[in-house]
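With UniProt numbering applied, the sequence shown has no gaps in its numbers, which climb one by one up to 303 at the end.
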Amino acid sequence: MDAREIEAKAKALGKASGQEESATVILGLLKELQTGIRATEDLLRRTKIGVVVNRFKQSKSPEVARLASDIVSKWRTEVNKQKQGGGAAASRSSNSPRPPQNGTGPSTPASATPSDKASKLSVPPDKRTWKADGVDINVTSSKVRDSCTGLMYDGLCLGSTESPKTVLTKASAVEKAAHSYLGPETKPEYKEKMRSLFQNLKNKSNPMLRVRVLSGEIAPEKFVRMTSDELRSEQQREADEAIKKKNMNDAMVAQGERSISTSLQCGKCGQRKVTYTEAQTRAADEPMTLFCTCVVCGKSWRQ
């Protein structure tokens, strides 16, 4: 497969996931990728297919999760072998300097190299912050904007193994997009949006949001314009829909008929049109409690 075909498969997988296609459809797409790709670092980086497949490791289908894990492991092994082979070949050449670990090809971005990714993380992924990573967030001339860049960094780096340089680049891009969309930084809309994005990035029930933003699946310009509903995960939407459905069903259950009395008088409007129900709220040998509602003014009380 060439890069264009791989990108088409990635889109098909994303669509299948969003539409909750059957495991059979997803397995078919994954098997085509398993047999049709000879993985290279440049190819995986350009097509971002590794990020897409990696998401299916969390699939509810054991078969899909297992196959996705096998594919990612296979590609990682192939890329590592290529790096080791390239390093050995360079060491045998006395006429040229040894290439850096990440290669020297023009298509390899310097901001996301494996060596950078591995060597500059000094704390566990779940303990990362811009301070813990030793990152300089002063990238603008505004303290407010720099503080928001740090906020985005803290949201994006949580649980991630991406290099500090990569995370800072993405955090700066998000802040810049938000400033362009809602700025200047003195406007409350800008500050509220940055706080909202941070809270969504830190949400433990929506870990894929961080991955999608860091990988570029969600561009910064789109990210800062997403509504609160769009920012939520599919699982969160399903849970809310289930609660909404339950509340609707409960509301449709027939209510017990309430008695109407003309002997009870409303203390607010003085009318004697009062509905009531009885309940034993005290000891069994004590009288029942009346829960009353005036049908004229709506006042409720108990006696």
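Quick reminder that beta carbons are idealized off the backbone N, C-alpha and C, glycines included.
Can you list, in chain order, the residues of its chain whose CB lies under 8 Å from that of V123, leaving out five sequence neighbours each side?
-> Cβ within range, chain order: A132, D133.
I'd like to know if the stretch 193 to 202 and the stretch 20 to 38 are in contact, where contact means that at least 3 CB-CB pairs between them fall below 8 Å. No: the two stretches stay apart, fewer than three of their Cβ pairs being nearer than 8 Å.
Fully enclosed by the stretch 177 to 256, which alpha helix (DSSP H) runs are 4 residues long or longer? Listed in chain order, the complete alpha helix (DSSP H) runs (minimum 4 residues) inside the stretch 177 to 256 are 188 to 202, 208 to 215, 220 to 223, 228 to 231, 234 to 251.
Check whether K48 and G216 have beta carbons under 8 Å apart: Contact flag set, yes.
Given L121 as reference, the closest of T275, D136, E162 once Cα atoms are compared: The candidate whose alpha carbon is nearest that of L121 is E162.
Please report the residue range of the beta strand (DSSP E) in which S300 lies. From DSSP, the beta strand (DSSP E) with S300 extends over 300 to 302.
Best match in K11, L43, P220 for proximity to Q82 [C-alpha to C-alpha]
Residue L43 is the option with its Cα nearest to Q82.
**Prompt:** With a CB to CB cut of under 6 Å and the five nearest residues on each side skipped, what residues in its chain are close to A177?
**Reply:** Sequence-distant partners of A177 (beyond 5 residues in either direction) whose C-beta falls short of 6 Å from its own C-beta, in its chain, are P220, E221, V224.
With 16 as the cutoff for other CB atoms within 10 Å, does G150 come out buried or exposed?
It counts as buried.
Q: Can you grab the Cα-Cα spacing for the pair T293 / V274, in whole Å?
A: The straight-line gap from Cα to Cα measures roughly 6 Å.
Which same chain residues end up closer than 8 Å to S263 when comparing Cβ atoms and leaving out the 5 residues on each side of it in sequence?
Cβ within range, chain order: R272.
- Distance, G14 Cα to R38 Cα: Roughly 21 Å separates the two Cα atoms.
Query raised in the report: Should R46 and A3 be called a contact, given that it needs their Cβ atoms to be closer than 8 Å?
Result: Taking 8 Å as the Cβ cut-off, R46 and A3 qualify as a contacting pair.
Fill in: Contacting residues, own chain, Cβ-Cβ under 7 Å from K170 (five flanking each side not counted)
So the qualifying residues of the chain are L156, V213, L214.
### Task
Please determine, among K165, R128, T186, V64, the residue with the shortest C-alpha to C-alpha distance to V144.
Checked all of K165, R128, T186, V64; the closest Cα to V144 is T186.
key: Contacts around D126, its chain only, beta-carbon distance under 6 Å, and the 5 residues preceding and following it disregarded   = Excluding residues within five positions, the ones whose Cβ falls inside 6 Å are G159.
Roughly how many angstroms lie between the CA atoms of R302 and E63, to the nearest whole one? Taking the CA atoms as reference points, R302 sits about 60 Å from E63.
Once the 5 residues before and after T129 are set aside, which same chain residues still bring their CB inside 6 Å of it?
Cβ within range, chain order: D154.
Query - Between the CA atoms of G50 and F56 - distance to the nearest angstrom - result: In this model, F56 and G50 are separated by some 10 Å (Cα to Cα).
Next item on the list: May I have the straight-line CA-CA distance separating D229 from R237, to the nearest angstrom?
Entry: Taking the straight line joining both Cα atoms gives about 8 Å.
Alpha-carbon spacing of T166 relative to Q235, whole angstroms: The alpha-carbon atoms of T166 and Q235 are separated by roughly 28 Å.
Exercise. Which of the three DSSP states, helix, strand or coil, is assigned to I260?
Worked result: In the structure shown, I260 sits in a strand (DSSP, three-state: E or B).
Query - Beta-carbon proximity list for H179, same chain, < 7 Å, skipping 5 on both sides - result: The answer, listed in chain order, is R145, E185, Y190.
Practice task
Report the option in E286, G18, V52, Q58 whose CA atom is closest to the CA atom of S205.
Solution key: Checking every option, the nearest Cα to that of S205 belongs to Q58.
Closest by C-alpha distance to T24, when choosing among D136, N54, M288, A65: Nearest option by C-alpha distance: A65.
For A168, three-class secondary structure by DSSP | Correcting the residue type first, residue 168 is Leu in the shown sequence and not Ala. Looking at L168 - three-state DSSP - the assignment turns out to be helix.
* How long is the line joining the alpha carbons of T40 and K74, rounded to whole angstroms? -> If you take the alpha carbons of T40 and K74, they lie about 11 Å apart.
#### Entry: Enclosing alpha helix (DSSP H) for E41 [first to last residue]
Run containing E41: 41 to 47, per the alpha helix (DSSP H) assignment.
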